[in-house]
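Chains as they are written, first to last, in our numbering: chain A, 17 to 339; chain B, 17 to 339. For each residue, glycine too, the CB sits at the ideal point set by N, CA and C. Please read all numbers here as calculations on a predicted model, not as lab measurements. What follows is a set of notes on a single structure, which appears directly below.
Number of protein chains: 2
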Amino acid sequence: MNQPIYDTIALIGIGLIGSSISHAARRAGLCRRLVGHAKSEATRATALRLGLVEAACPTAAEAVKNADLVILCVPVGACVRIAEEIRDHLKPGATVTDVGSVKGTIVRDVGPLLPPNVHFVPGHPIAGTEHSGPESGFAELYDNRWCILTPPEDTDPAATERLRTFWQGLGSNVEIMDADHHDMVLAITSHVPHLIAFNIVNTAAHLERVTDSEVIKFSAGGFRDFTRIAASDPTMWRDVFLNNREAVLEMLGRFTEDLIHLQRSIRYGDGETLFELFSKARQIRRGVIQAGQDAGSAAAFYRSRDAVGAKPGNAPAGDKPKP
Amino acid sequence: MNQPIYDTIALIGIGLIGSSISHAARRAGLCRRLVGHAKSEATRATALRLGLVEAACPTAAEAVKNADLVILCVPVGACVRIAEEIRDHLKPGATVTDVGSVKGTIVRDVGPLLPPNVHFVPGHPIAGTEHSGPESGFAELYDNRWCILTPPEDTDPAATERLRTFWQGLGSNVEIMDADHHDMVLAITSHVPHLIAFNIVNTAAHLERVTDSEVIKFSAGGFRDFTRIAASDPTMWRDVFLNNREAVLEMLGRFTEDLIHLQRSIRYGDGETLFELFSKARQIRRGVIQAGQDAGSAAAFYRSRDAVGAKPGNAPAGDKPKP
Numbered sequence: 017m018n019q020p021i022y023d024t025i026a027l028i029g030i031g032l033i034g035s036s037i038s039h040a041a042r043r044a045g046l047c048r049r050l051v052g053h054a055k056s057e058a059t060r061a062t063a064l065r066l067g068l069v070e071a072a073c074p075t076a077a078e079a080v081k082n083a084d085l086v087i088l089c090v091p092v093g094a095c096v097r098i099a100e101e102i103r104d105h106l107k108p109g110a111t112v113t114d115v116g117s118v119k120g121t122i123v124r125d126v127g128p129l130l131p132p133n134v135h136f137v138p139g140h141p142i143a144g145t146e147h148s149g150p151e152s153g154f155a156e157l158y159d160n161r162w163c164i165l166t167p168p169e170d171t172d173p174a175a176t177e178r179l180r181t182f183w184q185g186l187g188s189n190v191e192i193m194d195a196d197h198h199d200m201v202l203a204i205t206s207h208v209p210h211l212i213a214f215n216i217v218n219t220a221a222h223l224e225r226v227t228d229s230e231v232i233k234f235s236a237g238g239f240r241d242f243t244r245i246a247a248s249d250p251t252m253w254r255d256v257f258l259n260n261r262e263a264v265l266e267m268l269g270r271f272t273e274d275l276i277h278l279q280r281s282i283r284y285g286d287g288e289t290l291f292e293l294f295s296k297a298r299q300i301r302r303g304v305i306q307a308g309q310d311a312g313s314a315a316a317f318y319r320s321r322d323a324v325g326a327k328p329g330n331a332p333a334g335d336k337p338k339p
Numbered sequence: 017m018n019q020p021i022y023d024t025i026a027l028i029g030i031g032l033i034g035s036s037i038s039h040a041a042r043r044a045g046l047c048r049r050l051v052g053h054a055k056s057e058a059t060r061a062t063a064l065r066l067g068l069v070e071a072a073c074p075t076a077a078e079a080v081k082n083a084d085l086v087i088l089c090v091p092v093g094a095c096v097r098i099a100e101e102i103r104d105h106l107k108p109g110a111t112v113t114d115v116g117s118v119k120g121t122i123v124r125d126v127g128p129l130l131p132p133n134v135h136f137v138p139g140h141p142i143a144g145t146e147h148s149g150p151e152s153g154f155a156e157l158y159d160n161r162w163c164i165l166t167p168p169e170d171t172d173p174a175a176t177e178r179l180r181t182f183w184q185g186l187g188s189n190v191e192i193m194d195a196d197h198h199d200m201v202l203a204i205t206s207h208v209p210h211l212i213a214f215n216i217v218n219t220a221a222h223l224e225r226v227t228d229s230e231v232i233k234f235s236a237g238g239f240r241d242f243t244r245i246a247a248s249d250p251t252m253w254r255d256v257f258l259n260n261r262e263a264v265l266e267m268l269g270r271f272t273e274d275l276i277h278l279q280r281s282i283r284y285g286d287g288e289t290l291f292e293l294f295s296k297a298r299q300i301r302r303g304v305i306q307a308g309q310d311a312g313s314a315a316a317f318y319r320s321r322d323a324v325g326a327k328p329g330n331a332p333a334g335d336k337p338k339p
């Protein structure tokens, strides 16, 4: 058991992200006490039953009262309302953070609502699954994933360092950057990919000449992977797009421009351009594997193969053991 | 050991698909003898070393001489050349098939080249990984995946049934359909998804304000899954797009139209439309899982989690075991 980094932690929202923080914090002994708030009574009951929190409060105000670290684990669009609710109940010297996928609007809209005697260090763990709810969390979710912190300029560096140590204790690597840059990076690495996945799933659903059951039956050709991405929480993603509008629109513009270029190459039978662009894309993939953001051990890959299925372009990564 | 379905099988091309057919055919005892052809001497040596074939011939003409089943396991664009090479060397009564991702041009361009005393039954196993080459194959690749056969109208039904039994022996489910319908279904379930994946990876690579290393580092937010799809063989995919042009262009048109609609909803802050479209996409995902085209057993999922990583929108499917 490590020395606890915070005495009491309040989780505002106990879904996939909040419950995984609980599992991982307990695994590493990062706090003495976890309290939580969830709007729904059923979620509070589940959180208590699973031992995710010692106390489950019906209001956020009550949950934060004695907390040294308050983590807003709710969709981005709910953060302002929560900040207004808790601002007068925060413990002096506490740190408030969040886990939202957009950081610019959080810094701009939530920061000014908080009293001057607390530290505000927005954060974003680049981790998750397409599952939701308090039962979907697990301790390993953040292992070897990145967590980005975007402290406003006037933040006490000691508070940022303490939160960095906490996320490292949860298993993550931590990077600190400007909120607007975060939003630009995430627009291309996460937000636009999700939008595209949502979009193609809906395009497929509208075809008259191809039935839904055919789309599903033959989904192993690539479509399946898009449906997995498109299964993510609709509320969370709605808020992401509403809050990171400018960066997403810029990236979408570039994406469409590039797609039209590819489409034109197909129309005019320009195989050379297609080959060249496809080969370039393959290089980037190598970078992802080399950076350890996808490859597992060969043995783990081998075991997992039947579980996740193998299909064009989307087998789990990693070198396969040779027969 | 089952009763062999074909005495001798010739694999023309010994990459991922061909080598996996060898592993799966041997697993089930579907033939007495496997011979192969690969252009590269290194591939032939590897195929012999791994025991994928009993004989590795430097020409396709030689490989097909005594074969009861000839399987063209080469990119779609190479099939015409191979057909011209083997046509005068085929055993009377043999069946010729292929594994290409496009079927209309194969039926149209390859069929007429073959002599009337052989059976021509084009096929397409909806299975693969992003890895290439004779060492990347494995016996389970086709298990519980679909294989589509598209026999031209005048095909002997007995030849089609025999090939169906063969693919079932490899582990697949088999569906028979018209070549043009196949191309339409695959355009939306496989070809356009791959094109989009290739495209966004290249869009990301061109950004000046976001570095390549950032794109790679924070790829677990969704982008990673696109890089995996975009790592597929460039030659194979170039041929797919050149040969399935009409269906791909139609699907791309619909995709872009739908994407512009989403983009407009983001620009004007129409959260209701976004939420509704994202929720619909989630439904389709349920269908894929229910159809057994993604979910693995809970135990296998649990083991595989560290191997493939967990992240927003793309954890391996299947219910997680509760703690």
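For A79 (chain B), the enclosing alpha helix (DSSP H) begins and ends at 76–80. Shown here for G93 (chain A): same chain residues with a beta carbon closer than 8 Å to its own, the five before and five after excluded, namely T251, R254, D255, L258, N259 in chain order. In the displayed model, A61 (chain B) falls within a helix according to three-state DSSP. Residue environment analysis places I276 (chain A) among the exposed positions, since fewer than 16 neighbouring C-beta atoms fall within 10 angstroms of its C-beta. A distance of 8 Å or more separates the beta carbons of L157 (chain B) and A79 (chain B).
Assignment of A71 (chain B) by DSSP, reduced to helix, strand and coil, places it in the strand class. Bounds of the alpha helix (DSSP H) holding V208 (chain B) are 208–221. With fewer than 16 other CB atoms across the displayed protein chains lying within 10 angstroms of its CB, P74 (chain B) is exposed. Residues of chain A whose Cβ lies closer than 8 Å to the Cβ of P138 (chain B) do not exist, since the nearest Cβ in that chain is about 16 Å away. In its chain, beyond the 5 residues on either side, I142, A143, S188 have a beta carbon closer than 6 Å to the beta carbon of R161 (chain A).
Checking the DSSP bridge columns, you'll see D114 (chain B) partnered with B:L88.
Counting only Cβ-Cβ distances below 7 Å, A297 (chain B) has contacts in chain A at F214, V217, N218, A246, in chain order. Here D199 (chain B) is buried, its C-beta having at least 16 other C-beta atoms within 10 Å.
With a threshold of 8 Å between beta carbons, G120 (chain A) makes no contact with chain B. Within the stretch 47–76 of chain B, those residues whose Cβ lies closer than 8 Å to any Cβ of chain A are, in chain order, L66. Contact check for I87 (chain B) against I25 (chain B) passes: the beta carbons are separated by less than 8 Å. Nothing from the stretch 87–99 of chain B brings a Cβ to less than 7 Å from some Cβ of chain A.
Bounds of any beta strand (DSSP E) do not take in L157 (chain B), whose DSSP letter is neither H nor E. Distance from the CA atom of C163 (chain B) to the CA atom of V190 (chain B), rounded to whole angstroms, is 5 Å. For Q279 (chain A), the C-beta contacts it makes with chain B under 9 Å involve L211, V264, L265, L268, G269, T272, in order along the chain. Remark: three or more beta-carbon pairs, one from each stretch, lie closer than 8 Å, so the stretch 201–211 of chain B and the stretch 233–245 of chain A are flagged as touching. Fewer than three beta-carbon pairs drawn from the stretch 49–61 of chain A and the stretch 114–129 of chain A are found closer than 8 Å, and the two stretches are therefore not classed as touching. Contact annotation: in the stretch 185–202 of chain B, residues whose CB is within less than 7 Å of a CB in chain A are M200, V201, L202. Interface residue (Cβ-Cβ distance to chain A less than 8 Å): T251 (chain B) is classified as such. For the pair S148 (chain A) and T111 (chain A), the Cα-to-Cα distance works out to about 26 Å. CA-to-CA, the gap between L278 (chain B) and T272 (chain B) works out to about 10 Å.
Taking every protein chain shown into account, the CB of N133 (chain A) has fewer than 16 other CB atoms within 10 angstroms, so this residue is exposed. Residues of chain B with a Cβ closer than 9 Å to the Cβ of T166 (chain A) do not exist; the shortest Cβ-Cβ separation is about 13 Å. Only residues of its own chain outside the window of five on either side were considered, and among them none has a CB closer than 6 Å to the CB of I300 (chain B). Its chain contains A72 as the residues whose beta carbon lies nearer than 6 Å to that of L64 (chain B), once the 5 sequence neighbours on both sides are disregarded; these appear in chain order. Of the candidates B:G34, B:D249, B:I282, the residue whose Cα lies closest to the Cα of E292 (chain A) is B:D249.
Judged by DSSP secondary structure, A26 (chain B) falls outside any alpha helix (DSSP H) and instead within the beta strand (DSSP E) spanning 22–28. Distance from the CA of E266 (chain A) to the CA of I282 (chain B), rounded to the nearest whole angstrom, comes to 12 Å. Contacts between E230 (chain B) and chain A, judged by CB atoms closer than 8 Å, involve V201, T205 in chain order. Taking CB atoms only, S38 (chain B) has no neighbour in chain A less than 8 Å away.
One Cα belongs to A195 (chain B), the other to G139 (chain B), and the distance between them is close to 9 Å.
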